[in-house]
Structure formats: C-alpha cells, structure tokens
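Number of protein chains: 2
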Amino acid sequence: MTTKPRASMRTAARTATPTEARFERVQPGTVAGSLYRAVKRALLQAIEHGSCTPGSALPSEADLARAFGVSIGTVRHAVDELVAEHIVVRQHGRGTFVAVHNADRFLFQFFHVERCDGLQEVPKVELLHFDRARAGETQAAALGLKAGEPIFEIENRLLLQGQAVIHDRLALPASLYKGLTERRFRERPSTIYHLYQTVFAITVTRAHERARAVGADRTATRILGVQAGSPVMEVHRTALTFGDKPVEFRLSTINTARHDYVHLLSRPV
Amino acid sequence: MTTKPRASMRTAARTATPTEARFERVQPGTVAGSLYRAVKRALLQAIEHGSCTPGSALPSEADLARAFGVSIGTVRHAVDELVAEHIVVRQHGRGTFVAVHNADRFLFQFFHVERCDGLQEVPKVELLHFDRARAGETQAAALGLKAGEPIFEIENRLLLQGQAVIHDRLALPASLYKGLTERRFRERPSTIYHLYQTVFAITVTRAHERARAVGADRTATRILGVQAGSPVMEVHRTALTFGDKPVEFRLSTINTARHDYVHLLSRPV
DNA sequence: AAGTGGTCTAGACCACCAT
DNA sequence: TGGTGGTCTAGACCACTTA
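Keeping their order, the protein sequence lines are chains A and B. If you're matching positions, the first sequence starts at 1070 in this note's numbering and goes up one per residue. If you're matching positions, the second sequence starts at 1070 in this note's numbering and goes up one per residue.
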C-alpha cells in the first residue's frame, strides 16, 4: 500500500518514558484504512487496556512517531481526534495526558442542571440506598443485559445550593464492578465516574440522555419534597465506555422549580 | 445524520454560483496570533459578509493557499475548524461548500425530539399566528434588545407522525428581518433556518436551550390537546449567528407523552 | 484526464514549562 | 536549558468526482 519501505526501526530506549506502553510500528489497517487511524487505535488500545493509566503522560509525540514508524504530523492527527473526544488532554510544554474524571470534567461534560439564573455548582451527593439487585426490563435493555442479570442499584440525592434537586437511581452491571461495596462507594474521594475509572478501570467516554416531563410520584415527593403530581423532569441516561459499551444506566428525577436542564447545541471551537 | 445529506448538498452546490470572494495575504493577527486563525477569520468574514454564499464552493485549498500566501497545511487547519463548527462542509473530490440549512441539518443539529422508540422524523410545521409585536422582558433579555423594541412573533404547531407534539413561539428582532411577511414565512420552501439564511442572510450557527417541566396551561391544552395541568416540557432556545449574536428566541412546549427530548453528550468523531 | 480533498512526510522554528 | 506541544512549510501521492 505504501511506497516507502518502512525499515525496521528499533523502538527507542524508553528509560524516560512515563508509561509502560510498548508501541509497535503500525500499518494502515483494513477496517479504517489510514495510518493515523491505526495510530489512534493503538493509542486507544493502550489506554483501554491499562498500559496508559488515567493521569499519566503519553510518550512525547516525537517518541510516538519513532515507535510507530510514522511522521509527527500523523501522530498529531491521531492525537487531535483523541483530544476532541476528551480521551486525552494536551498541555503545552508539559505533555499529553490520559484524561482523568474529576469534578471539572463532570460539570463540563456530564452534568447539565444549573440554577435558573445560570449559576453552576458541583452537586453534593447523598447516598440513600445501595444494594445488589436484578436487572429489570428497562435497565437490562439499556445495559445490554438480559432481564434478571445481577446489577448494583444505587440511589442518590443531589443537592444544589443546599436544596434537594435531583434523585438518581443508578444501575451498574455487577460483572463489571466486582468488589464494589457500599463503603467503597460512599468513601470515594471524588466523583462517581472517577471511582469507576480508578477502581474498576472503566472510563465513561460518552452518554446519551432522553428527557420527558412527568408528574411527581410518591418517591419524588418524599425525596425531593415536591407536591404529588407536580411536574418534574425524568431523564434516562446511558453512559458508555470505549466501543460504545454501556456501563451505567441512570434514571434521574429533577425538580425544575428553580433549576434548568441545559443543552448547548454545537460548542464553539 | 444517519441518512445521506448528499443529495440536497449536491443540488445546492450545482445551482449556486462559484464564490466571488477575493482573498489577500494574511499575517498572524494580534488577537489570535496564529496564521491559521487569521486564515479562518478571513474565511469567516467572507462567509459572513456574503462573498461566499451558502451552498457555493470555497476556492480550492491550493488556490486559498496561494491567495493567502500560506501553505496548504495551514489552510487545511483553518478549514478543519470551520468543518467542526458546521460552517462549511468538505466533499472529497468535489470541493468545500458553505453549509446550507436544509432539513437534514435541522434534524441533526437543531431538533431533538423523537418518538420514545427512537424514531426520528422531520416535523410538519403549521403556522398558527404571525404578528408584529414588542419585546417582553424575557424576549428582550434573550435577544439583547430593550423591552418594547419591535419583534416578529410567530406561533407554530409541530406535528410528528401526524400528532401535535410541540408548540413553538418565536421572537425575531424586527430590525434583522426587514420585509418579513406572513406570506413569505408561510411559503418558505424549506426549514425556517433555511429561510433566515437565504432571504435575510442570517445563518444560525449555534443555539443553547434551557428545559424544565411545567404544568400545561390553557394554551397548551388548546394547541397540543393535553389535559390542563398535565406535565409538559418547556424549552427556552436562543439561536445565535456569527459572533454569538442572538437572532431568534424560541419558547417551546413539548408534549412528552409519547416523545422524548434527546441529548447526546460528546459526539463520536 | 483534470481537479478536488485526504493522507503523509521530514523537517523547521516558536511558545511554554520544568529544572 | 532541555523537553514538550503548537505552528508552519513545501512538497508527494492517493482516493474520489466530474466531464
């Protein structure tokens, strides 16, 4: 396919390389025929399979180019796409790092409720319930399981400005979160997605949500303090990891009396 | 955008005249210091000021590089960003075209209501009311006007699968849409944003929405056929053109009994 | 066959960060 | 000062569309 003879190039000594990943020369794959896509795939594999852990630096672009046997421009093209997908983060003068799920990222990418006047705030999360259960129809469908397969079921109440605004019911496939306990969940140091990422090597990369307006049921009145039957928003979120594999289903009930669900159509570049 | 946006694009490109824009050599500007940003600004100016009209082809990348006195790689970097912002569309082997607001783009970028089972459909729009009015507080704030400034107020009912699902109330600054008449609005050949673009040279580039759940009022019951007080979604949308200038405010009431408001968090690349 | 965008190379120099 | 990403060049060849 390529005219250039790719002479065997020994991978450079990686004594200074901060990750453990070993990269080999790439050829344009058959699936997505371009070289930069092959490089991207290789980097994704390394991140997905734990050779490059969240927060660690990738090898420098020059090193990657040498290791893969491609030019720097090709490496940059691949990394550009990973940056656009929030998989890695570039820092001028420092390096390129595997993105970490911290509070900022959660607020920016995965949390869309704010006060009517536009005030944004990281929600305070109260754990209400933690249990093992079996997937119902909806949960199973969203998670790609069969009904009855084991899941963790977790209930949270989210507070904004000290007020209960959101009731979340999470469903996690038990097979993906082996060893998860209530204590471990409760004592996580950061966001829930940070817990998934650091303890279970599950990185949430994308999600999709479907929202509708419903009347508040008993549960909503009890947990959010709204009147029975009063209008609240109900959001079904499925969170995905690499390869669009579902790793969390979340049913949220939002009291939109003093808060809005915000949606930006086409972000600026 | 699961279907092919090709056909419409193709027609548009064939009928439109090639661009008349004349480009001069660029220097790295003082605002955003890089050369490719200067190229991007120049292209945006040309599009915004009508030298490159919607549907027409940009000069080829080689020509742009010559005209601007930069290398092709620099031109591509600039165009890459315009593509990411949906300002232009590349077509391999044909050229790069100023994006047209057609039904496909509307569905893909600006319409987020679909049937619970995931069925997407271009809504049928019924005009209910068309009038000149004066901006209220909310409308003025969203549009960057003073309360009382003249606007067009337009009411639509949107049908999906033959059922009334959405009630839209649009507010347009009268100063931006001089000569707009009910007839012109009613007899538009395509989407509303296509009308803005072709007749008033207003291209909607982005929008932001704020959604909440409310009880259906008299108007909602009359127009959507829902029970008084039943939960419906209310969405405030502000549509923006270049430079984030607001050009439309839209208040939507959505009957979410059989339809969902959909939100994709982080699109794939 | 001619023209377009898509990929890729093999460098260069600059801006930024840490030491 | 050395290493990183950010920008830019001046080409080459490939894939695709149209005439």
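C-beta atoms are modelled at their ideal positions from N, C-alpha and C, and glycine is treated no differently.
Inter-residue Cα distance where the pair is B:Val-1182 and A:Arg-1279: The count along the second sequence starts at 1 and reaches residue 1182 of chain B at position 113. The count along the first sequence starts at 1 and reaches residue 1279 of chain A at position 210. Roughly 9 Å separates the two Cα atoms.
Any chain B beta carbon closer than 7 Å to A:Thr-1290: Numbered from its first residue, the first sequence carries residue 1290 of chain A at position 221. No - not a single Cβ of chain B is within 7 Å of the one on A:Thr-1290.
For A:Gln-1296, write down the residues that DSSP places opposite it in a beta bridge. Taking the first sequence and counting its residues from 1, the one referred to as residue 1296 of chain A is at position 227. Partner(s): none; A:Gln-1296 has no beta bridge.
Beta bridge counterpart(s) of A:Ile-1235 as assigned by DSSP: Residue 1235 of chain A sits at position 166 when you count from the first residue of the first sequence. Its beta-bridge partners are A:Leu-1227, A:Ile-1323.
Are any of the Cβ atoms in chain B nearer than 7 Å to that of A:Val-1144? Here residue 1144 of chain A is taken as the residue at index 75 of the first sequence, counted from 1. With 7 Å as the cut-off, A:Val-1144 does not count as an interface residue toward chain B.
Can you look up B:Ala-1270 in the DSSP assignment and give me helix, strand or coil? Counted from its first residue, the second sequence places residue 1270 of chain B at position 201. If DSSP states are grouped into helix, strand and coil, B:Ala-1270 belongs with coil.
Quick one: grab the DSSP three-state call for B:Val-1148. The sequence position of residue 1148 of chain B within the second sequence is 79, counting from 1. Looking at B:Val-1148 - three-state DSSP - the assignment turns out to be helix.
As a quick exercise: from A:Pro-1337, A:Lys-1314, A:Met-1302, A:Arg-1306, pick the residue whose alpha carbon is nearest that of A:Arg-1327. Position 258 of the first sequence holds residue 1327 of chain A. Selected option, being the one with the closest Cα: A:Met-1302.
Is there a C-beta anywhere in chain A that falls below 7 Å from the one on B:His-1277? Sequence index remark: in the second sequence, residue 1277 of chain B carries index 208 (1-based). Residue contact check for B:His-1277 against chain A: a CB pair falls below 7 Å.
Residues that B:Leu-1333 contacts on chain A, provided the C-beta gap is smaller than 7 Å: Residue numbering aside, residue 1333 of chain B sits at position 264 when the second sequence is read from its first letter. The answer, in chain order, is His-1277.
Output the distance between the C-alpha atoms of B:His-1332 and B:Gly-1138, rounded to the nearest integer angstrom. Residue mapping note: residue 1332 of chain B aligns to position 263 of the second sequence, counting from 1. Residue mapping note: residue 1138 of chain B aligns to position 69 of the second sequence, counting from 1. Looking at the two C-alpha atoms, the distance is approximately 42 Å.
Mind checking whether B:Arg-1287 and A:Ser-1335 have CB atoms under 7 Å apart? Locating residue 1287 of chain B in the second sequence gives position 218, where the first residue counts as 1. Locating residue 1335 of chain A in the first sequence gives position 266, where the first residue counts as 1. Contact flag unset, no.
Can you check which of these residues, B:Thr-1267, B:Glu-1093, B:Glu-1251, B:Phe-1166, is closest to B:Ala-1126 by C-alpha distance? Within the second sequence, numbered from 1, the residue matching residue 1126 of chain B stands at position 57. Looking at the Cα atoms, B:Phe-1166 is the closest of the given residues.
With distance defined between alpha-carbon atoms, name the residue in A:Ala-1270, A:Val-1316, A:Ser-1299, A:Arg-1145 nearest to A:Ala-1168. Within the first sequence, residue 1168 of chain A is the residue found at index 99, counting from 1. Answer by Cα proximity: A:Ala-1270.
Just the C-alpha distance for A:Ala-1289 and B:Asn-1225, rounded to the nearest angstrom, thanks. Along the first sequence, one-based indexing puts residue 1289 of chain A at 220. Along the second sequence, one-based indexing puts residue 1225 of chain B at 156. If I take the Cα positions, the gap works out to 33 Å.
Under three-state DSSP, which class holds A:Val-1108? Within the first sequence, the letter at position 39 stands for residue 1108 of chain A. A:Val-1108: helix per DSSP, three-state reduction.
Since A:Phe-1318 and A:Ala-1240 should fall inside the 8 Å C-beta cutoff, what is the C-beta to C-beta distance between them, to a whole number of angstroms? Here residue 1318 of chain A refers to the residue found at position 249 of the first sequence. Here residue 1240 of chain A refers to the residue found at position 171 of the first sequence. A:Phe-1318 to A:Ala-1240, Cβ: 4 Å. Contact.
Would you call the CB atoms of A:Pro-1097 and A:Gln-1266 closer than 7 Å? The count along the first sequence starts at 1 and reaches residue 1097 of chain A at position 28. The count along the first sequence starts at 1 and reaches residue 1266 of chain A at position 197. Going by C-beta atoms, A:Pro-1097 is not nearer than 7 Å to A:Gln-1266.
Helix or strand or just coil, what does DSSP make of A:Phe-1177? Counting from 1 along the first sequence, the entry for residue 1177 of chain A is found at position 108. The answer is helix: DSSP assigns A:Phe-1177 an H, G or I state.
If we ignore side chains and look at the alpha-carbon of each, how far apart do A:Phe-1311 and A:Val-1273 end up? Mapped onto the first sequence, residue 1311 of chain A falls at position 242. Mapped onto the first sequence, residue 1273 of chain A falls at position 204. Taking the straight line joining both Cα atoms gives about 8 Å.
Considering just the uninterrupted stretch of the alpha helix (DSSP H) at B:Asp-1132, what are its terminal residues? In the second sequence, counting from the first residue as 1, residue 1132 of chain B sits at position 63. That run of the alpha helix (DSSP H) goes 1130-1137.
Counting only Cβ pairs nearer than 9 Å, list the residues of chain B close to A:Val-1165. Your numbering for residue 1165 of chain A matches position 96 in the first sequence. A quick correction: the sequence has Thr, not Val, at residue 1165 of chain A. The premise fails here: A:Thr-1165 is roughly 17 Å from chain B at the closest Cβ pair, so nothing lies under 9 Å.
For B:Met-1070, does the three-state DSSP call read helix, strand or coil? Taking the second sequence and counting its residues from 1, the one referred to as residue 1070 of chain B is at position 1. In this prediction, B:Met-1070 has a pLDDT of 32, which is less than 50 and means its spatial position is unreliable; what the coordinates show is noted afterwards. Residue state for B:Met-1070 is assigned as coil, using DSSP reduced to three classes.
Kindly give me the distance between the Cβ atoms of B:Ala-1308 and B:Val-1316, rounded to whole angstroms, as I take these residues to be in contact under 8 Å. Numbered from 1 along the second sequence, position 239 holds the residue referred to as residue 1308 of chain B. Numbered from 1 along the second sequence, position 247 holds the residue referred to as residue 1316 of chain B. The pair is a contact, with the Cβ atoms about 6 Å apart (cut-off 8 Å).
B:Val-1095 and B:Ala-1115: beta carbons closer than 7 Å? By 1-based counting over the second sequence, the position of residue 1095 of chain B is 26. By 1-based counting over the second sequence, the position of residue 1115 of chain B is 46. Cβ distance not < 7 Å, so B:Val-1095 and B:Ala-1115 don't count as in contact.
Could you name the residues of chain A that B:Asp-1329 contacts, counting a contact when the two beta carbons are closer than 7 Å? Here residue 1329 of chain B refers to the residue found at position 260 of the second sequence. Within 7 Å Cβ-Cβ: Arg-1279, Ala-1280, Arg-1281.
Beta carbon of B:Glu-1218 nearer than 7 Å to that of B:Ala-1233: If you number the second sequence from 1, residue 1218 of chain B lands on position 149. If you number the second sequence from 1, residue 1233 of chain B lands on position 164. No. Outside cutoff.
Check B:Arg-1075 in the structure and name its three-state DSSP category. Indexing the second sequence from 1 puts residue 1075 of chain B at position 6. Because the pLDDT of B:Arg-1075 is 33, which lies under 50, any placement of that residue in the model is unreliable, and the number read from its coordinates should be weighed accordingly. If DSSP states are grouped into helix, strand and coil, B:Arg-1075 belongs with the helices.
Alpha carbon to alpha carbon, what distance is there between B:Val-1338 and A:Val-1174? Residue mapping note: residue 1174 of chain A aligns to position 105 of the first sequence, counting from 1. Residue mapping note: residue 1338 of chain B aligns to position 269 of the second sequence, counting from 1. First, the amino acid is wrong: residue 1174 of chain A is Arg here, not Val. Straight-line Cα distance between these residues: approximately 19 Å.
In three-state terms, what does DSSP make of A:Thr-1310? Locating residue 1310 of chain A in the first sequence gives position 241, counting from the first residue. Of the three classes helix, strand and coil, the one that applies to A:Thr-1310 here is strand, per DSSP.
How big is the Cα-Cα spacing for A:Val-1268 and A:Arg-1252? The count along the first sequence starts at 1 and reaches residue 1268 of chain A at position 199. The count along the first sequence starts at 1 and reaches residue 1252 of chain A at position 183. A:Val-1268 and A:Arg-1252: Cα-Cα distance of roughly 13 Å.
Between B:Thr-1325 and chain A, is there a C-beta pair that is closer than 7 Å? The residue you call residue 1325 of chain B lines up with position 256 of the second sequence. At least one chain A Cβ lies under 7 Å of B:Thr-1325.
Taking beta-carbon pairs under 7 Å, can you tell me which members of the region 1283-1314 of chain A lie near chain B? Val-1283, Gly-1284, Pro-1300, Val-1301, Met-1302
Could you work out which residues of chain A lie near B:His-1155, taking near to mean beta carbons separated by less than 9 Å? By 1-based counting over the second sequence, the position of residue 1155 of chain B is 86. The contacting residues are Ser-1335.
May I have the straight-line CA-CA distance separating B:Tyr-1246 from B:Pro-1128, to the nearest angstrom? Indexing the second sequence from 1 puts residue 1246 of chain B at position 177. Indexing the second sequence from 1 puts residue 1128 of chain B at position 59. B:Tyr-1246 and B:Pro-1128: Cα-Cα distance of roughly 30 Å.
What whole-angstrom Cβ distance do B:Pro-1300 and B:Gly-1284 have, given they're in contact under 8 Å? Residue mapping note: residue 1300 of chain B aligns to position 231 of the second sequence, counting from 1. Residue mapping note: residue 1284 of chain B aligns to position 215 of the second sequence, counting from 1. The pair is a contact, with the Cβ atoms about 7 Å apart (cut-off 8 Å).
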